[in-house]
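The structure under discussion appears below in the form of structure tokens.
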Amino acid sequence: MSAPRASRHDDRRRTFPALPPRPGPAADTDFATSWWGNAWVESMEDSALDPARLQRGRAYAGSGHVDAITVTPGRVMAYVHGSRPRPYRTEIRLRTLGDDDWEDLLDAAAARPDHIAALLDKDMPHALAASADLLPTAGDLTPDCSCPDDGYPCKHAAALCYQTARLLDEDPFVLFLMRGRGEHEILADLTRRNATRSAAERGTAPPPMPTVDAAAAVAPRTLRILPPPFPLPANPGRPPVYPHTPGAPDPLALDLLATEAAARAHTFLGSGIDPVAGLTPWQDAVRLAAAHPGSGLTASTRALYRDLAAGTDHSPTDLARAVAAWRQGGLAGLTVLEDAWDPPAGPFDRARPALIAADFPHFRPWRNRLSLPSLQLRFGRDGLWYGYESDRDREDWWPRGTPDTDPVGALTALLGR
Numbered sequence: 009m010s011a012p013r014a015s016r017h018d019d020r021r022r023t024f025p026a027l028p029p030r031p032g033p034a035a036d037t038d039f040a041t042s043w044w045g046n047a048w049v050e051s052m053e054d055s056a057l058d059p060a061r062l063q064r065g066r067a068y069a070g071s072g073h074v075d076a077i078t079v080t081p082g083r084v085m086a087y088v089h090g091s092r093p094r095p096y097r098t099e100i101r102l103r104t105l106g107d108d109d110w111e112d113l114l115d116a117a118a119a120r121p122d123h124i125a126a127l128l129d130k131d132m133p134h135a136l137a138a139s140a141d142l143l144p145t146a147g148d149l150t151p152d153c154s155c156p157d158d159g160y161p162c163k164h165a166a167a168l169c170y171q172t173a174r175l176l177d178e179d180p181f182v183l184f185l186m187r188g189r190g191e192h193e194i195l196a197d198l199t200r201r202n203a204t205r206s207a208a209e210r211g212t213a214p215p216p217m218p219t220v221d222a223a224a225a226v227a228p229r230t231l232r233i234l235p236p237p238f239p240l241p242a243n244p245g246r247p248p249v250y251p252h253t254p255g256a257p258d259p260l261a262l263d264l265l266a267t268e269a270a271a272r273a274h275t276f277l278g279s280g281i282d283p284v285a286g287l288t289p290w291q292d293a294v295r296l297a298a299a300h301p302g303s304g305l306t307a308s309t310r311a312l313y314r315d316l317a318a319g320t321d322h323s324p325t326d327l328a329r330a331v332a333a334w335r336q337g338g339l340a341g342l343t344v345l346e347d348a349w350d351p352p353a354g355p356f357d358r359a360r361p362a363l364i365a366a367d368f369p370h371f372r373p374w375r376n377r378l379s380l381p382s383l384q385l386r387f388g389r390d391g392l393w394y395g396y397e398s399d400r401d402r403e404d405w406w407p408r409g410t411p412d413t414d415p416v417g418a419l420t421a422l423l424g425r
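Position in the sequence shown (from 1) plus 8 gives the number in this note's numbering.
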């Protein structure tokens with residue numbers, strides 16, 4: 009669980025929302041997870057006069073009795089709920105570092121890039137903590153609480169101390185703030201020291217930062233005219249030949265994807281429209297299979313069918329039927345295959361008289377379909393008629409022929425007349 013980050017409006021005052029109850033380890037294990045968090049707890053435990061109060065404070069912290077915690081230089085404050093309805097105002101005070109201590113600590117941090125990297129990664133190096141007595145020792149923490157208990161510490165102050173250790177686990181910069189300086193101030197100081205150190209090693213002063221006059225930056229000006237775009241090639245480029253290398257991706261799949269990417273880019277550059285952006289994964293799989301010559305006929309293309317079908321939770325037969333529909337009429341043809349709908353009165357109602365006049369009197373209507381035992385016409389939402397065939401006495405319809413606005417024309421193309 010990560011401790012919530014505080015507001016940065018004031019770098020020397022941070023308020024953390026109340027932490028949730030700790031799912032936690034047994035009472036005889038470490039309350040904190042970091043070595044510096046446990047060092048914070050130990051400094052209080054070593055000076056406690058009543059271990060029983062510590063145990064009750066530990067239980068309070070683990071069960072979420074501590075409200076939001078505010079940390080400022082030298083002070084940690086929170087309201088802690090006890091046995092009474094109104095929570096108690098509880099705080100822990102500790103000594104802040106003097107300027108000389110901060111100079112020693114920041115010099116030690118700037119001299120070791122790994123120390124800075126550790127701090128940014130929310131880790132506290134042992135050597136850095138020891139360079140300026142950053143961690144509290146026994147008797148360094150002074151508890152105070154509005155409750156009537158005069159224990160040292162009372163269970164409410166102990167709860168606050170334990171809960172603060174959880175904040176330190178997630179962000180060691182909280183410990184720096186307790187000692188007197190905020191995270192932004194420390195990082196800015198380390199940046200300056202690093203720049204000075206680098207300049208001294210090079211024997212030169214740091215170069216001045218480039219500046220520009222504000223009035224010049226916002227003054228209206230005429231920008232250069234961009235060069236014209238390169239002319240669009242007549243056709244998309246062809247992909248390279250991919251070798252058959254053990255452990256490498258399938259060359260056929262790579263060739264197919266590269267060809268598709270080039271074709272889509274070419275179309276987009278010419279029209280500003282991605283022709284397949286609105287397709288579902290299933291529709292795009294059908295389009296890919298339909299665009300590949302000989303799909304399903306050779307061993308390699310059978311593997312393509314198998315993989316595309318498995319990737320879209322369909323069978324190879326489903327994919328083959330859908331490819332036939334796509335080749336018959338594109339996305340509209342696939343929709344006709346998969347979508348039975350009730351067309352409005354008009355062209356569909358005029359189809360049967362036209363078929364009867366052409367000596368096809370026995371078509372049975374159902375929704376947008378007219379069927380014979382082995383022939384079928386389907387009326388699409390695009391106003392075209394699509395032909396289908398099936399073995400007699402089977403409902404296994406496959407797209408055949410060329411779509412036509414005239415049902416007789418579609419049937420004629422289906423029969424090859």
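Just so you know, even glycine gets a beta-carbon here, dropped at the ideal spot from N, CA and C.
- Beta-bridge annotation (DSSP): residue 385 is paired with 378 and 395.
- A Cβ-Cβ separation of about 6 Å places residue 77 in contact with residue 172 under the 8 Å criterion.
- Less than 8 Å separates the beta-carbon of residue 69 from that of residue 167.
- DSSP places residue 364 in the uninterrupted alpha helix (DSSP H) bounded by 355-365.
- The Cβ-Cβ distance between residue 203 and residue 244 does not fall below 8 Å.
- Here DSSP, grouped into helix, strand and coil, assigns residue 86 to strand.
- No Cβ-Cβ contact shorter than 8 Å links residue 396 with residue 411.
- In this structure, residue 320 places its C-beta atom within 8 Å of the C-beta atom of residue 289.
- If you draw a straight line from the Cα of residue 44 to the Cα of residue 27, it is about 19 Å long.
- The DSSP assignment places complete alpha helix (DSSP H) segments of no fewer than 4 residues inside the stretch 229-284 at 259-279, in order along the chain.
- A Cβ-Cβ distance of about 6 Å is found for the pair residue 277 and residue 240, placing them in contact under the 8 Å criterion.
- Apart from sequence neighbours up to five positions away, the residues of its chain that approach residue 46 with a beta-carbon distance below 8 Å are 38, 39, 40 and 173, ordered along the chain.
- Of the candidates 200, 371, 393 and 30, 393 places its Cα closest to the Cα of residue 341.
- One alpha carbon belongs to residue 49, the other to residue 147, and they sit about 12 Å apart.
- With respect to residue 82, residue 102 sits close: the two C-beta atoms are nearer than 8 Å.
- Secondary structure of residue 415 (DSSP, three-state): helix.
- Under the 8 Å Cβ criterion, the stretch 332-352 counts as touching the stretch 382-390, having at least three qualifying pairs.
- According to the DSSP assignment, residue 401 belongs to no alpha helix (DSSP H), since it is labelled neither H nor E.
- Annotation: residue 344 to residue 380 spans about 18 Å, alpha carbon to alpha carbon.
- Put simply, the backbone Cα of residue 402 is about 11 Å away from that of residue 383.
- Contact holds between the stretch 107-123 and the stretch 132-147, because three or more Cβ pairs, one in each stretch, are under 8 Å apart.
- Contact check for residue 110 and residue 20: beta-carbon distance about 13 Å, past the 8 Å limit, so the pair fails to qualify.
- Cα atoms of residue 367 and residue 413: separation of roughly 19 Å, rounded to the nearest angstrom.
- Rounded to whole angstroms, the separation of the alpha carbons of residue 87 and residue 126 is 32 Å.
- Residue 84 and residue 176 have their C-alpha atoms roughly 12 Å apart.
- Cβ-Cβ distances below 7 Å link residue 291 to 339 and 342 in the same chain, with the five nearest sequence neighbours on each side left out; the list follows chain order.
- Under the DSSP assignment, residue 181 falls in the alpha helix (DSSP H) whose first and last residues are 181-186.
- Between residue 386 and residue 376 a beta carbon distance of about 6 Å is seen, short of the 8 Å cut, so the two are scored as contacting.
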